[in-house]
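From first to last, the protein sequence lines stand for chains A and B.
Just so you know, we're using this note's numbering here: the first sequence kicks off at 70 and counts up by one.
Just so you know, we're using this note's numbering here: the second sequence kicks off at 194 and counts up by one.
Glycine included, each C-beta is placed from N, C-alpha and C at the ideal position.
Notes for the one structure printed next.
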Amino acid sequence: MTTVTELPRTEETFIELENVTLTYGRGDKQVTALGLTNLRVNQGDFVALVGPSGCGKSTILKLVTGLIKASEGYVYVAGREVGATPIRVGMAFQNPTMLPWLTVRDNVMMPLKIVPPFRQEYGAKKKTEFRDRADALLKEVGLANFGDKHPWQLSGGMLQRASLCRALIHEPQLLLLDEPFGALDQFTREELWAVMQELWMKLKPTVLLVTHDLKEAGYLATRICVMRTRPGQIVDDAAVPFPRPRTIDMSYTPTFVSMTQRLRELIVSQRPVKETV
Amino acid sequence: MSPQARRKVWSAVLIVGFFVVWEALCWLFNVSDIIVPKPSQIIVTLIQRGPALWPHTLQTLYTTLVGFGFGIFIGIALGVLIGSSRLAYDVAYPLLVGFASIPKVAVVPIFVLWFGSGTVPAVLTAMIMCIFPIVVNVATGLATTEPELEDVMRALRATKFDILWNVGLPRTMPFFFASLKVAVTLAFVGTVISETVASNRGIGNVMMIASSNFDVPLVFAGLIILAILGVALYAVFSLIESKITGWAHRKDEFAMG
């Protein structure tokens with residue numbers, strides 16, 4: 070269950086980073102955000118990226134969406150270079166980034182307005198089918214009667230639930246979560262893990278989750294990739310063997326604790342030696 | 194009394210008080226009509242000359258609104274163009290400031306040269322007066338849109354237009370309406386300048402003729418009409434603003450209870 074760096078390439082490979090590096094700036098000011106990185110993610114996988122701040126976790130997400138281009142190497146999504154095959158991507162960030170002038174329901178429905186094939190039908194279905202779908206999803210995360218509210222009327226945890234709905238409403242094949250539970254209190258966070266797991270088991274998107282929280286990674290992910298910093302690189306890639314649905318109680322079992330401990334030690338040991346600046 | 198109502202009452206008291214003090218000072222120092230007429234006299238003039246002033250008032254209002262309409266249209270177009278990229282913003286700004294610094298009264302003769310005297314130069318003057326604040330505000334609103342809001346859209350592979358329409362423009366609305374309130378009063382200034390220089394209609398023209406006849410109460414009557422029109426249009430746009438961009442002013446509403 071430890072250090073599986075070379076997964077066999079299969080039909081199901083959904084995301085592949087091949088010898089990818091990413092550097093910013095030029096000359097002396099050049100910063101390597103991501104060192105030589107290889108990563109394969111299978112269809113329907115739930116992969117957590119953990120590691121210290123600034124190790125390029127979020128960079129990997131941006132590479133996969135095509136928001137930034139790799140300096141070297143290739144990023145493949147759904148069998149072709151990123152951007153070539155239009156796939157539906159859902160994204161949720163640490164900041165819920167709701168548009169303040171729209172109601173929560175309209176915020177959740179925004180992807181349907183943008184993403185084909187839904188956008189062609191948006192005008193016709195926004196008051197019927199799409200609206201019902203948004204309401205059903207909101208109900209599932211416990212926001213049944215909040216569709217007509219505006220974002221500022223909701224708490225941080227509620228906004229993050231709505232943000233998850235927005236990430237999922239267009240049935241994305243790929244879900245990218247950038248510390249979506251990072252700013253929440255422990256109880257809300259655990260509640261949302263359960264919600265997230267349930268939604269994932271039902272919809273089965275491929276998920277990349279960036280997180281600082283090892284317990285969160287262990288609870289949600291099927292695979293955990295540990296990254297180091299300067300340059301950012303994946304140093305460990307391990308499957309998480311626990312059966313689903315997982316519970317919070319599971320996270321107190323010895324196997325779970327020893328797993329998170331191993332990951333923790335790994336991350337701590339990967340800390341860069343303090344350089345003289 | 195609610196704080197809001199109290200504010201309105203004090204506003205009214207201030208306005209009435211201003212005219213009362215004006216009237217009192219005129220009596221006290223025995224100021225000649227030819228220098229500063231009393232408010233009571235201006236009101237009498239307004240009523241007596243009302244029928245003659247009315248078509249000129251409509252003319253000025255019409256000219257201003259047409260110019261203002263064109264100004265909004267061009268202002269939004271330029272603002273979107275300049276605000277949509279950092280480069281365009283930096284490149285175009287100096288030129289824009291240059292245009293804004295030109296005294297508008299100086300361009301009226303040019304417009305007259307091109308289009309003859311009358312309504313057209315007045316419309317154009319009103320238009321160029323109000324373009325600048327609209328462009329600056331729309332461009333600033335767009336340029337300061339939080340990148341996170343755009344990231345949400347970009348991750349969905351939204352086109353530039355999608356982002357502009359769904360994020361940029363709605364987010365810019367509070368800036369836009371703030372600029373409209375300034376622009377509409379500037380449009381009046383533009384109209385009146387042009388009417389004063391080159392027209393035989395409109396309040397500006399009436400004031401011009403009145404002052405050359407030393408009919409000072411009529412000049413002041415014209416000023417009062419312009420002030421009333423300005424306040425009225427300002428109020429209209431404030432109302433529209435509060436309807437459309439209520440989300441941006443929620444703190445105020447909450448504080449009001």
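(message) Does chain A have any CB closer than 8 Å to the CB of Ala348/B?
(response) yes
(request) Could you tell me how far apart the beta carbons of Val399/B and Leu246/B are, in whole angstroms, since I believe they sit closer than 8 Å? (result) Contact between Val399/B and Leu246/B holds, with the beta-carbon distance rounding to 7 Å and staying under 8 Å.
(request) Could you pull out every unbroken alpha helix (DSSP H) segment of at least 4 residues lying fully inside the stretch 257–342 of chain B, listed in chain order? (result) 279–294, 297–308, 312–336
(message) Short of 6 Å in beta carbon distance, which residues of its chain neighbour Gly226/A, apart from the five on each side in sequence? Order them along the chain.
(response) Leu253, Thr257
(request) Consult DSSP for Glu334/A and reduce its assignment to one of helix, strand or coil. (result) helix
(request) Could you tell me whether the stretch 261–279 of chain A touches the stretch 85–98 of chain A, using the rule of 3 or more Cβ pairs below 8 Å? (result) no
(request) Please state whether DSSP places Phe369/B in a helix, a strand or coil. (result) helix
(message) With three or more beta-carbon pairs closer than 8 Å as the criterion, would you say the stretch 308–317 of chain B touches the stretch 258–272 of chain B?
(response) Output reads yes: the stretch 258–272 of chain B touches the stretch 308–317 of chain B.
(message) Taking contact to mean 3 or more Cβ pairs, one atom from each stretch, closer than 8 Å, check whether the stretch 411–429 of chain B and the stretch 367–386 of chain B are in contact.
(response) yes
(request) Might you give, ordered along the chain, the residues of its own chain that have their beta carbon closer than 6 Å to the beta carbon of Pro77/A, omitting 5 neighbours on each side? (result) With a pLDDT of 48 at Pro77/A, under the threshold of 50, the predicted position of this residue should be treated as unreliable, and no value is reported.
(request) Enumerate in chain order the residues of its own chain whose CB-to-CB distance from Val257/B is below 7 Å, with the five nearest sequence positions on each side excluded. (result) Checking the displayed sequence, the identity of residue 257/B turns out to be Thr instead of Val. Ala319, Ala380, Phe381, Thr384, listed in sequence order.
(request) To the nearest angstrom, report how far apart Glu150/A and Phe325/A are at their CA atoms. (result) 37 Å
(request) Would you grab the beta carbon distance between Gly120/A and Ile336/A for me? Rounded to a whole angstrom, and I think it's under 8 Å. (result) Sure, about 6 Å apart at Cβ, within 8 Å.
(message) Taking the alpha-carbon of Ala299/B as reference, which of Asn406/B, Ala441/B, Thr389/B, Ala205/B has the nearest alpha-carbon?
(response) Checked all of Asn406/B, Ala441/B, Thr389/B, Ala205/B; the closest Cα to Ala299/B is Thr389/B.
(message) Can you tell me where the alpha helix (DSSP H) holding Cys294/A begins and where it ends?
(response) No alpha helix (DSSP H) contains Cys294/A, which is instead part of the beta strand (DSSP E) from 292–297.
(request) Can you grab the Cα-Cα spacing for the pair His219/A / Leu171/A, in whole Å? (result) A straight-line Cα-Cα distance of about 6 Å links His219/A and Leu171/A.
(message) Closest to Gly125/A by C-alpha separation, out of Phe162/A, Ile303/A, Leu283/A, would be which residue?
(response) Ile303/A
(request) Could you check if Ala205/B is buried or exposed, using at least 16 other CB atoms within 10 Å of its CB as the buried criterion? (result) exposed
(request) Give me the Cβ distance between Lys284/A and Thr329/A, rounded to the nearest whole Å; I'm assuming they're in contact under 8 Å. (result) 6 Å
(request) Identify each residue in the stretch 331–343 of chain B for which the Cβ-Cβ distance to at least one residue of chain A is less than 7 Å, and report them in chain order. (result) Within the stretch 331–343 of chain B, the residues whose Cβ lies closer than 7 Å to some Cβ of chain A are Glu341, Leu342, listed in chain order.
(message) Among the candidates Lys436/B, Ile396/B, Ala293/B, Ser405/B, whose CA atom is the shortest distance from the CA of Ala420/B?
(response) Check the Cα spacing between Ala420/B and each of Lys436/B, Ile396/B, Ala293/B, Ser405/B: the tightest is with Ile396/B.
(message) Taking only three categories from DSSP, how would you classify Thr438/B?
(response) DSSP places Thr438/B in coil when its eight states are reduced to three.
(request) Take the Cβ of Trp358/B as the centre, count every other Cβ of all protein chains shown within 10 Å, and call the residue buried at 16 or more, exposed below. (result) Under the 10 Å beta carbon count, Trp358/B is surrounded by fewer than 16 other beta carbons and is classified as exposed.
(message) Residues of chain B with CB closer than 9 Å to the CB of Phe83/A, please, in chain order.
(response) The contacting residues do not exist; Phe83/A stays about 17 Å from chain B at best.
(request) Following the continuous beta strand (DSSP E) through Val276/A, name the residue where it begins and the one where it ends. (result) Taken as a continuous stretch (DSSP letters only), the beta strand (DSSP E) holding Val276/A covers 275–280.
(request) Please name the residues in the stretch 110–126 of chain A whose beta-carbon is closer than 9 Å to at least one beta-carbon of chain B, in chain order. (result) Residues of the stretch 110–126 of chain A with a C-beta less than 9 Å from any C-beta of chain B: none at all.
(request) With a 10 Å radius around its C-beta and 16 neighbouring C-beta atoms as the bar for buried, classify Glu190/A as buried or exposed. (result) exposed
(request) Name, please, each residue of chain E whose Cβ falls closer than 7 Å to the Cβ of Val273/B. (result) Of the chains in the structure shown, none is chain E; the protein chains are A and B.
(message) I believe Ser372/B touches Asn406/B by the beta-carbon criterion, under 8 Å. Please report the beta-carbon distance rounded to the nearest angstrom.
(response) About 38 Å; that fails the 8 Å criterion.
(message) For Val73/A, which residues in the same chain have their Cβ closer than 6 Å to its Cβ, ignoring the five residues on either side in sequence?
(response) Because Val73/A carries a pLDDT of 42, less than 50, the predicted location of this residue cannot be relied on, and no value is offered for it.
(message) Let me see if you follow: with CB-CB separation under 8 Å, is Met270/A close to chain B or not?
(response) Cβ-Cβ to chain B under 8 Å: no for Met270/A.
(request) Could you check if Trp48/A is buried or exposed, using at least 16 other CB atoms within 10 Å of its CB as the buried criterion? (result) Within the shown structure, residues of chain A are numbered from 70 to 346, placing residue 48/A beyond reach of any answer.
(request) Output yes or no for whether 8 Å exceeds the beta carbon distance between Val100/A and Thr275/A. (result) no
(request) Alpha carbon to alpha carbon, how far is Gly311/B from Asn393/B? Give it in angstroms, no decimals. (result) Between the alpha carbons of Asn393/B and Gly311/B lies a distance of about 7 Å.
(message) Determine, for Lys273/A, whether the minimum Cβ-Cβ distance to residues of chain B falls below 8 Å.
(response) no
(request) Note down, in chain order, every chain B residue with its Cβ under 8 Å from the Cβ of Thr154/A. (result) Those do not exist, as Thr154/A stays about 12 Å from chain B at its closest Cβ, beyond 8 Å.
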